[in-house]
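In what follows, a structure is listed as structure tokens, so that the remarks can point back to it.
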Amino acid sequence: MALLEINKIEKTYFSKTSVTEAIKDINLAVERGEFISIIGPSGCGKTTLLSMISGLLKPTSGTIKLDGKQITKPTPETGYMLQQDYLFPWLSIRRNITLGLKTMGLLTKETECHALHLLNEMGLGEFKDVYPSQLSGGMRQRVALVRMLATQPKLLLLDEPFSALDFQTKLKLEDLVHSTIKEHEKTAILVTHDISEAIAMSDRIVMLSRRPATIHRIFKVPDALKGLEPFEARNTALFNDLFQDIWEELESFEHKRTS
Amino acid sequence: MNTKELHNAYVQGLKREKRFVRITQLSILILFFVSWEFLTSQRILDPLLFSSPSRVWNLLLIRISDGSIFVHSSVTLFETVLGFILGTAMGTAMAAMLWWSRFLSRVMDPYLVVLNSMPKVALGPILIVGLGPGFSSIIAMGALISVIITTLVVYNAFKEVDENYVKVIRSFGATKRKSFFSVILPACFPTIISTLKVNVGLAWVGVIVGEFLVSKQGLGYMIIYGFQVFNFTMVMLSLLIIAVLATCMYQLVELLERKLLKYRG
Ligand SMILES: Nc1ncnc2c1ncn2[C@@H]1O[C@H](COP(=O)(O)OP(=O)(O)OP(=O)(O)O)[C@@H](O)[C@H]1O
Ligand SMILES: [Mg+2]
């Protein structure tokens, strides 16, 4: 049985003056240990989809099941990293990264140690006692990543986690996140604008159509690429072929819009 | 010059500027008292109406030796502090209730607007009838004057907290109650502190007016009594004491601010 089963979900936003159909008929099964990337045109409903999987947002219709249980509210099994870092400015970095543990009542010496260890791995160990306002955008994003990983969720939802980073940091972090996730056998869903990132990191790439989003096409990343670290994967011929395919497909959306 | 010397020069410059500000401030104060004394002693200003620093000083010494100044000051200070704390706490609690229930906030909205535009001191007589002419109505007045505006300001701050912070904490499974205490409330500390600062002043207004109306004790009473018996030295003395005490309260709030908002660096 798949870890995550998304069944015919739809989402429509209502306001007094407008009805926005964001998601229409999405079906998807994500296997344990799988890494999925979601790409699609801006504003098509990627964040909406992720919010529903996290349990923060209820679908208008359809069901989402995690481990066979229907998701109705956020669960500790799922970690969600929002599109921006949203670190709490009034808490020190140490308190920020242990926020999830504290909220779940899991804060102990060991779990805090683990969180600080993760912070170290991200190269931010020395900043544990400063406040978020003293960090750069990229550093803050790494802290947000640690905050999510600290509660050891099974399923990771990442909403463009690397978009605010410079290219070098981004490549390093991709490698780091990739290895962390594979090592701990986590399942991950990554939303990204970046085709190379999607190919380098994932097992399958789900391309959404324009709003209302449906699954337009699913690309399988060849096994030969999957074994490689993201950084290495980027340098292969297979990588470039897949890149071309996806690029052309995305371009076709643009043409449909203009014609 | 190397960096260290430059830095030293910079620090020196800052110090010099600070000293200059302090000296100017002190000079204004001295100038004020000296000219007050001078103008009244030369009868350019009528000392019967404007009193004079020396008269106020003498009265202060007399009132200290018979102890009455401490009684009056502490009564008023007690009332003000209590009114201030009650007003702020009740206002924040009401804001929390409005945040909790959208229905309640929509129902209460017009009433709050009306109550806010109402001059609270005009309710004085009703308070006195209701609570009796004593401490309780004075404290109530001190609280009443700040409670509505606190409610409105703090509630607005609660509403404006970025929803995404709440999403973060909810994604960790927090209940609404937990979200309130770990996100909404701390995110609004800066607003709450600035209402505290406003409320210090408001509580003094409420309490002094309250004492005008009912009291047999307190600095407000000294003012109204001095006015009635045409003893303006007494009025001036009370005013100066109020100025000192109100400033001290304000400084305490600033101390609290530095403690609570140290993350702003
Ligand atoms: N709370 C809301 N109320 C009404 N409409 C909304 C709401 N949130 C999102 N939408 C609409 O739903 C659509 C999808 O939004 P969503 O944030 O999921 O897009 P996205 O794919 O994540 O975009 P981006 O790539 O820019 O992050 C957009 O058209 C947006 O205007
Ligand atoms: Mg988005």
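Sequence lines, in order, name chains A and B.
Sequential numbering from 1 applies to the first sequence in our numbering.
Sequential numbering from 260 applies to the second sequence in our numbering.
C-beta: ideal position from N, C-alpha, C; glycine also.
Considering only residues of the same chain and omitting the five flanking positions on each side of residue i, which have a CB-CB separation below 8 Å?
i, result
"B:Leu319", "Ile328, Leu496"
"A:Ala2", "Ala29, Val30, Glu31, Arg32"
Among the options, whose alpha-carbon lies nearest the alpha-carbon of residue i?
i, options, result
"B:Arg523", "B:Val464, B:Phe489, B:Pro449", "B:Pro449"
"A:Thr113", "A:Ser133, A:Thr151, A:Pro59", "The sequence given here has Cys at residue 113 of chain A, not Thr. Taking only the C-alpha atoms, the option nearest A:Cys113 is A:Thr151."
"A:Arg94", "A:Arg204, A:Val146, A:Lys186", "A:Val146"
"B:Val464", "B:Arg517, B:Gly346, B:Thr492", "B:Gly346"
"B:Ser430", "A:Ser37, A:Leu49, A:Thr12, A:Lys73", "A:Lys73"
"A:Leu208", "A:Ile23, A:Met148, A:Ile9", "A:Ile23"
"A:Thr169", "A:Gly123, A:Thr192, A:Glu183", "A:Gly123"
"B:Gly549", "B:Val468, B:Leu357, B:Asp325, B:Tyr370", "Past the boundaries of the shown model lies residue 549 of chain B; chain B is included only from 260 to 524, so the question cannot be answered."
"A:Leu171", "A:Asn240, A:His193, A:Asp203, A:Pro230", "A:Pro230"
"B:Thr351", "B:Ser474, B:Arg281, B:Val373, B:Leu444", "B:Leu444"
"B:Trp316", "B:Leu371, B:Leu514, B:Lys518, B:Phe491", "B:Phe491"
"B:Thr454", "B:Arg281, B:Gly401, B:Leu498, B:Val412", "B:Val412"
"B:Lys521", "A:Ser133, A:Gln70, A:Leu190", "A:Ser133"
"A:Arg204", "A:Asn7, A:Ile9, A:Ile39", "A:Ile39"
"B:Gly338", "B:Val488, B:Gly479, B:Phe486, B:Thr434", "Reading off the sequence shown, one finds Glu at residue 338 of chain B, where the question assumed Gly. Of B:Val488, B:Gly479, B:Phe486, B:Thr434, the residue nearest in Cα terms is B:Gly479."
"B:Phe343", "B:Val388, B:Arg275, B:Val457", "B:Val457"
Reducing DSSP to helix, strand and coil, say where residue i ends up.
i, result
"B:Glu338", "helix"
"B:Ser313", "helix"
"A:Asn120", "helix"
"A:Gly22", "One detail in the question is off: residue 22 of chain A reads as Ala in this sequence, not Gly. Three-state result, A:Ala22: strand."
"A:Ala213", "strand"
"A:Ile39", "strand"
"B:Ser376", "helix"
"B:Ser327", "helix"
"B:Phe394", "helix"
"A:Ile93", "helix"
"A:Gly105", "coil"
"A:Phe88", "coil"
"A:Lys65", "strand"
"A:Asn240", "helix"
"A:Thr98", "coil"
"A:Leu28", "strand"
"A:Gly125", "helix"
"B:Gln284", "helix"
"A:Leu3", "coil"
"A:Gln83", "coil"
"A:Lys11", "strand"
"A:Lys16", "coil"
At a Cβ threshold of 8 Å, is residue i touching chain A?
i, result
"B:Val413", "no"
"B:Val503", "no"
"B:Ile428", "yes"
"B:Asn423", "yes"
"B:Ala433", "yes"
"B:Phe292", "no"
"B:Tyr522", "yes"
"B:Phe448", "yes"
"B:Pro378", "no"
"B:Pro445", "yes"
"B:Lys437", "yes"
With 8 Å as the threshold, decide whether the Cβ of residue i is near any Cβ in chain B.
i, result
"A:Gly100", "yes"
"A:Tyr13", "no"
"A:Trp247", "no"
"A:Pro222", "no"
"A:Ser54", "yes"
"A:Thr151", "yes"
"A:Met104", "yes"
"A:Pro76", "yes"
"A:Pro161", "no"
"A:Phe88", "yes"
"A:Leu82", "yes"
Just to confirm my understanding: we take residue i, look at its own chain, exclude 5 residues before and 5 after, and list those with CB closer than 7 Å. What are they?
i, result
"B:Trp295", "Ser311, Pro312"
"A:Gln141", "Asp85, Pro161, Ala164, Leu165"
"B:Leu382", "Leu403"
"A:Ser226", "The sequence as given places Lys at residue 226 of chain A; Ser does not occur at that position. Here the set comprises Asp203."
If you drop the 5 nearest sequence neighbours on each side, which residues of the same chain put their C-beta closer than 6 Å to that of residue i?
i, result
"B:Glu508", "First, the amino acid is wrong: residue 508 of chain B is Met here, not Glu. Within the same chain, B:Met508 has close Cβ partners Val459."
"A:His178", "Met201, Pro230"
"A:Lys220", "Arg204"
Give the list of continuous beta strand (DSSP E) stretches no shorter than 3 residues that lie fully inside the stretch 128-210 of chain A. Counting whole runs of 3 or more residues, the stretch 128-210 of chain A contains the beta strand (DSSP E) stretches 155-159, 187-191, 204-208.
Which runs of the alpha helix (DSSP H) spanning at least 4 residues fall entirely within the stretch 414-492 of chain B, listed in chain order? The stretch 414-492 of chain B contains, as complete alpha helix (DSSP H) runs of 4+ residues, the segments 422-430, 435-438, 448-473, 478-487 (chain order).
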